[in-house]
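Colleague: Mind having a look at this structure? Questions to follow.
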Amino acid sequence: MSKNSTNSFISLLIGLIVGGIIGILFAPDKGNNTRDRLTFRLNQYRKKLEDLIDEITDEKELVKSEAKDKGNKVVNEAKTKAERLIKDVDGILSKIKEN
């Protein structure tokens, strides 16, 4: 999930929470029923937020792992090229010493 879509989802979720709370508070019902419905809705939103946090955490770990793999690949390629250059330089130095 990209940062932009995550921000959009969080904004949507906050809007739904605020809208739901306002709708429940202004609905003509007994205070006890209103509190029960409000508690139920808030628990639902809490679960959605926990799921979102888990998803973001999992994605962060995946991106971190991919970045580490790419970094290791670049380091290994540079090491291989450096070793080849050292061999080439050693070869040139040997030829110079022979002449």
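The opening position of the sequence shown corresponds to residue 0 in numbering that gives the first Met the number 0, with each subsequent residue numbered one higher.
Beta carbons are placed, not taken as given, at the ideal position from N, Cα and C, and that holds for glycine.
Please read all numbers here as calculations on a predicted model, not as lab measurements.
1. Could you have a look at A66 and say whether DSSP puts it in helix, strand or coil?
2. Using beta-carbon positions only, say whether I23 and T33 come within less than 8 Å of one another.
3. Could you give the DSSP three-state label for A81: helix, strand or coil?
4. Is the beta carbon of I85 less than 8 Å from the beta carbon of T5?
Modeller: Looking at the atomic coordinates:
1. helix
2. yes
3. helix
4. Contact annotation: I85 and T5 have beta-carbon atoms that are not nearer than 8 Å.
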